[in-house]
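Sequential numbering of the sequence shown, starting at 645, is according to my numbering. Ideal Cβ positions, reconstructed from N, Cα and C, are used throughout, including at glycine. Treat the numbers as computed from the prediction; the structure is a model and nothing was measured.
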Amino acid sequence: MKHRNVRGKIAYIFDPEGERRDFGREWWSVTFHEDGQRTLRAHCEIEPGVVADRSVLRETVYTTDPDYHPLDCFVRLHQSGEFLGSGWFRFTDGGAECEAVNVTTGRTSQRMDLTSPPLSFGAHPVSCDAIHCARFIHSSKQNPQPCRGVLMSSREHDGCSGPNLCTTDFDLEYVGREEITVPAGTFETDHYRFLLDYHPTEDVWCTPDGFLFVKITVGGYMNAHFDLIEYDEEY
Numbered sequence: 645m646k647h648r649n650v651r652g653k654i655a656y657i658f659d660p661e662g663e664r665r666d667f668g669r670e671w672w673s674v675t676f677h678e679d680g681q682r683t684l685r686a687h688c689e690i691e692p693g694v695v696a697d698r699s700v701l702r703e704t705v706y707t708t709d710p711d712y713h714p715l716d717c718f719v720r721l722h723q724s725g726e727f728l729g730s731g732w733f734r735f736t737d738g739g740a741e742c743e744a745v746n747v748t749t750g751r752t753s754q755r756m757d758l759t760s761p762p763l764s765f766g767a768h769p770v771s772c773d774a775i776h777c778a779r780f781i782h783s784s785k786q787n788p789q790p791c792r793g794v795l796m797s798s799r800e801h802d803g804c805s806g807p808n809l810c811t812t813d814f815d816l817e818y819v820g821r822e823e824i825t826v827p828a829g830t831f832e833t834d835h836y837r838f839l840l841d842y843h844p845t846e847d848v849w850c851t852p853d854g855f856l857f858v859k860i861t862v863g864g865y866m867n868a869h870f871d872l873i874e875y876d877e878e879y
């Protein structure tokens with residue numbers, strides 16, 4: 645078989661005035677399929693008190709096409725130890741749909757018509773954030789570049805609602821090529837910056853060849869960083 649597997653672990657670190665506190669962790673793996681598709685699997689754990697006054701457990705399986713446009717995704721959520729909801733998303737050139745169940749809203753079906761392939765999809769694992777960076781057009785002189793109508797599974801900062809189909813807008817800035825060192829090792833990365841009205845500025849470092857997560861920093865009330873602490877290839 646000619647597919648390729650990589651996997652890693654991410655530490656979520658809150659660092660107010662130098663007082664480090666680990667507030668979450670994420671185990672992820674990516675399969676690069678023979679047909680060019682890519683499947684990301686992520687298990688995320690978020691402790692209460694930094695992003696929101698609740699704990700979050702999230703399971704995500706997200707597949708993109710060879711150009712990193714979304715194809716389908718499954719998201720399942722537990723909030724403060726209890727099941728919150730689960731949803732399946734499907735994307736085509738002409739639309740996006742979601743079939744979900746939530747303890748408050750019950751069973752829901754959504755469909756959103758699109759006039760072009762969806763730019764990207766935010767399923768909320770931080771390993772997923774790096775995939776948005778594939779939308780930056782390096783051949784263009786415009787920097788930052790607008791990303792409008794990006795699809796999401798939740799508009800909560802910790803992704804703990806729904807899941808349901810919604811949209812967001814942001815500008816994506818390319819900062820440059822940088823070599824950085826994290827606990828998992830030293831990596832050649834591309835550095836991007838998300839500029840949002842409703843969320844603190846987010847800096848992302850990812851691999852140039854596969855948009856694999858290496859590091860994220862978030863300012864504002866979070867004052868947090870997310871570091872790759874384990875990394876394996878061809879497991």
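- The segment 781-792 makes contact with the segment 813-828, as at least three CB pairs between them are under 8 Å.
- Between residue 682 and residue 645, the alpha-carbon positions lie close to 15 Å from each other.
- Relative to the Cα of residue 714, the nearest Cα in the group 702, 728, 764, 688 belongs to 764.
- Per the coordinates, the alpha-carbon of residue 657 lies some 11 Å from the alpha-carbon of residue 859.
- Here the alpha carbon of residue 733 sits roughly 23 Å from the alpha carbon of residue 857.
- In the structure shown, residue 776 falls within a helical segment according to DSSP collapsed to helix, strand and coil.
- In chain order, 729, 730, 731, 751, 752 place their CB closer than 8 Å to the CB of residue 745, counting only its own chain and leaving out the 5 sequence neighbours on each side.
- In the DSSP assignment, residue 690 falls within the beta strand (DSSP E) that extends over 682-690.
- The Cβ atoms of residue 723 and residue 698 sit closer than 8 Å to each other.
- Closest in C-alpha terms to residue 674, from the list 836, 651, 726, comes 651.
- If you draw a straight line from the Cα of residue 842 to the Cα of residue 807, it is about 19 Å long.
- Within 10 angstroms of the beta-carbon of residue 659 lie fewer than 16 other beta-carbons, which makes it exposed.
- Around residue 845, the same chain offers 837, 838, 839, 862, 863, 864 as residues with beta carbons nearer than 8 Å, after the five sequence neighbours per side are excluded.
- If you compare the alpha carbons of 762, 661, 655, 680 with that of residue 854, the shortest gap goes to 680.
- When secondary structure is reduced to three states using DSSP, residue 673 falls in the strand class.
- About 20 Å separates the beta carbons of residue 875 and residue 778, which is beyond the 8 Å limit, so they are not a contact pair.
- Distances from the alpha-carbon of residue 741 to those of 850, 758, 748 put 758 closest.
- If the five residues before and after residue 678 are omitted, its C-beta is found closer than 8 Å to the C-beta atoms of 645, 646, 647, all from its own chain and listed in chain order.
- Per the DSSP secondary-structure output, residue 786 pairs with nothing in a beta bridge.
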